[in-house]
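Right, one structure below, let's go through it.
2 protein chains.
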Amino acid sequence: MTTSREDVLRAAAAVLLHRPRTPMEDIARAAGISRATLHRMVPSRAALVRELAAFAVTQTRAALASARLEEGEPVEAVRRVVDALMPIADLYALLSGENQLVESTEPDGPWSELDGLLIALYRRGQEAGAFRLDLPAEWFVDALSSMLVGASWAVHDGRLARRDAPRALVELLLGGIRRGQS
Amino acid sequence: MTTSREDVLRAAAAVLLHRPRTPMEDIARAAGISRATLHRMVPSRAALVRELAAFAVTQTRAALASARLEEGEPVEAVRRVVDALMPIADLYALLSGENQLVESTEPDGPWSELDGLLIALYRRGQEAGAFRLDLPAEWFVDALSSMLVGASWAVHDGRLARRDAPRALVELLLGGIRRGQS
DNA sequence: CTTCAATGAGACATCACTGTCTCACATGAG
DNA sequence: CTCATGTGAGACAGTGATGTCTCATTGAAG
Chain A
1 MTTSREDVLR
11 AAAAVLLHRP
21 RTPMEDIARA
31 AGISRATLHR
41 MVPSRAALVR
51 ELAAFAVTQT
61 RAALASARLE
71 EGEPVEAVRR
81 VVDALMPIAD
91 LYALLSGENQ
101 LVESTEPDGP
111 WSELDGLLIA
121 LYRRGQEAGA
131 FRLDLPAEWF
141 VDALSSMLVG
151 ASWAVHDGRL
161 ARRDAPRALV
171 ELLLGGIRRG
181 QS
Chain B
1 MTTSREDVLR
11 AAAAVLLHRP
21 RTPMEDIARA
31 AGISRATLHR
41 MVPSRAALVR
51 ELAAFAVTQT
61 RAALASARLE
71 EGEPVEAVRR
81 VVDALMPIAD
91 LYALLSGENQ
101 LVESTEPDGP
111 WSELDGLLIA
121 LYRRGQEAGA
131 FRLDLPAEWF
141 VDALSSMLVG
151 ASWAVHDGRL
161 ARRDAPRALV
171 ELLLGGIRRG
181 QS
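So the sequences go chain by chain: A and B.
Numbered according to UniProt numbering, the first sequence spans residues 1 to 182.
Numbered according to UniProt numbering, the second sequence spans residues 1 to 182.
The following block contains the structure:
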């Protein structure tokens, strides 16, 4: 009964997001393997963290691709983004600026590419007259990121039902960014 | 030239929020004191963390009190809350569920009291017809918390101007929670 | 059945961090 | 000026985490 590398990464992400100081022994346990096996998979803690970051980038890129940001109404595109990112919110959270588990993603690295896709979506929405002009696109990305993390935590803590989370998030976010409110 | 205890706590909060694994030596440096002096102030790392938590509770309680949650229009009360919490967003972030630096704040501890004040505000807004009925009050608190953290980070990283942050946050939040949008 | 690869348990050495302590220096008050 | 207090630098011992490695066990394939 082999635990897949991906399962290990997912488990590591979840436990490290919640407790960044978790020892390797406990990370391995959380993934259902022994510490020796974990060390066979990755040469060091630092390497695990780097691999986690790369995995998170890959998963996020795929999620954003599946959300097809350039297609259709910007409002619907935001809905699709949230639906796509919710299942990987914990991985996504590792990449967002708030979590320094992953040290200093480089300014021109994969993260800024992904960030740029979301900024472009917001700007498309502004040009289409759907989104507010007075809020910076960067804030849209930050707000989305932080609410994804927040919703993920709320679900994790049982404060929000898993099936309600996407809707709660998207309603609040869209309500906040849509034009024509004041 | 003595660094006040509060300054040390503030600096420690900021650095630990960003890098939970920061060694005591680096925490002390960030606070402008030596490690020996830090150890004279607190007997251990665990004690520092406990004191930080208590300080965060005190500061948050004071901020919420200054925001006068029960007075006037719920919308204006939310504005006051954001204005009051922004300057202490990093301390507040230590208390919010997202950050396990402070391990497991007890269910009936000070945090749930503060949480309860915000929940009561949202419910007051619902009853007054100002806030949406379909979003849970708990989600309001989670969204506020996570956006406070997100905005604080955006400012820290230079993505959002410090003077624009409160407005960006409150506009998005209020836009999302107000009634009569759809 | 045998063989092979993967895995877990556990031992061990090393290292970073932590807490403790001493001593020299700096600063402020009288 | 002296004295008292606070501080920083640095040494040291202890601890927990980390990485490395060996050996026994397990499970799957042929």
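Beta carbons are placed, not taken as given, at the ideal position from N, Cα and C, and that holds for glycine.
- For Val149 of chain B, the nearest CB of chain A lies under 7 Å from its own CB, placing it at the interface with that chain.
- Bridge pairing for Arg178 of chain B: B:Phe131 [DSSP].
- When secondary structure is reduced to three states using DSSP, Gly109 of chain A falls in the coil class, being assigned neither helix nor strand.
- The DSSP-derived three-state label of Arg61 of chain A is helix.
- Chain-order list of chain A residues neighbouring Ile177 of chain B: Leu172 and Gly175, by C-beta distance under 8 Å.
- Shortest Cα-Cα distance from Ala30 of chain B to any of B:Arg40, B:Val49 and B:Val8 involves B:Val8.
- A distance of 7 Å or more separates the beta carbons of Arg123 of chain A and Arg179 of chain A.
- With contacts defined as CB atoms closer than 7 Å, Gly116 of chain A and Gly176 of chain B fail to qualify as a contacting pair.
- Val42 of chain B sits in coil when the DSSP states are folded into three classes, being neither helix nor strand.
- Contact note: Trp111 of chain A does not reach chain B at a C-beta cutoff of 7 Å; the least C-beta distance is about 12 Å.
- The C-beta distance from Val78 of chain B to Val170 of chain B rounds to 7 Å, short enough to meet the 8 Å contact threshold.
- Those residues of the segment 124–139 of chain A placed with their C-beta closer than 9 Å to a C-beta in chain B are Arg132, Asp134, Leu135, Pro136, Glu138 and Trp139, ordered along the chain.
- When the five nearest sequence neighbours on each side are left out, the beta carbons in the same chain lying within less than 6 Å of the beta carbon of Leu48 of chain A are those of Val42, in order along the chain.
- Around the Cβ of Ser44 of chain B, a 10 Å sphere holds fewer than 16 other Cβ atoms; the residue is exposed.
- For Ile27 of chain A, the enclosing alpha helix (DSSP H) covers residues Met24 to Ala30.
- In the structure shown, Asp157 of chain A adopts coil according to DSSP, grouped into three states.
- Put simply, the segment 46–64 of chain A touches the segment 72–86 of chain A. At least three CB pairs are less than 8 Å apart.
- Ser146 of chain B carries a helical assignment under DSSP once its states are collapsed to helix, strand and coil.
- With its beta carbon at least 7 Å from every one in chain A, Asp90 of chain B lies outside the interface.
- When the five nearest sequence neighbours on each side are left out, no beta carbon in the same chain lies closer than 6 Å to the beta carbon of Glu113 of chain A.
- Shown here, Glu73 of chain A sits in coil according to DSSP, grouped into three states, outside any helix or strand.
- Here DSSP, grouped into helix, strand and coil, assigns Ile33 of chain A to coil.
- Put simply, of B:Arg68, B:Leu148 and B:Arg167 the residue whose alpha carbon is nearest the alpha carbon of Leu121 of chain B is B:Arg68.
- For Arg159 of chain A, the neighbours in chain B by C-beta distance under 9 Å run, in chain order, Gly97, Pro136, Glu138, Trp139, Val141 and Asp142.
- Contacts with chain A at 7 Å (Cβ-Cβ) include Ser146 of chain B.
- Contact check for Ser96 of chain A against Ser145 of chain A passes: the beta carbons are separated by less than 7 Å.
- Taking the beta carbon of Arg21 of chain A as reference, the chain B residues within 7 Å of it are Pro20 and Arg21, listed in sequence order.
- Taking the Cβ atoms as the reference, Leu172 of chain B lies roughly 6 Å from Leu135 of chain A, within the contact range of under 8 Å.
- If you check the CB distance, Ala28 of chain B and Arg35 of chain B come in under 7 Å.
- Listed in chain order, the positions of the segment 54–78 of chain A with a beta carbon within less than 7 Å of a beta carbon of chain B would be empty, since no residue qualifies.
- For Ala165 of chain A, same chain residues with a beta-carbon under 6 Å away, outside a window of 5 residues either side, are Ala151 and Val155 in chain order.
- The shortest CA-to-CA distance from Tyr92 of chain B to any of B:Leu17, B:Ala130, B:Arg163 and B:Gly129 is the one to B:Leu17.
- In the assembly as shown, Pro23 of chain A is an exposed residue. Its beta-carbon has fewer than 16 other beta-carbons within 10 Å.
- Residues of chain B whose Cβ lies closer than 9 Å to the Cβ of Ala30 of chain A do not exist; the shortest such Cβ separation is about 14 Å.
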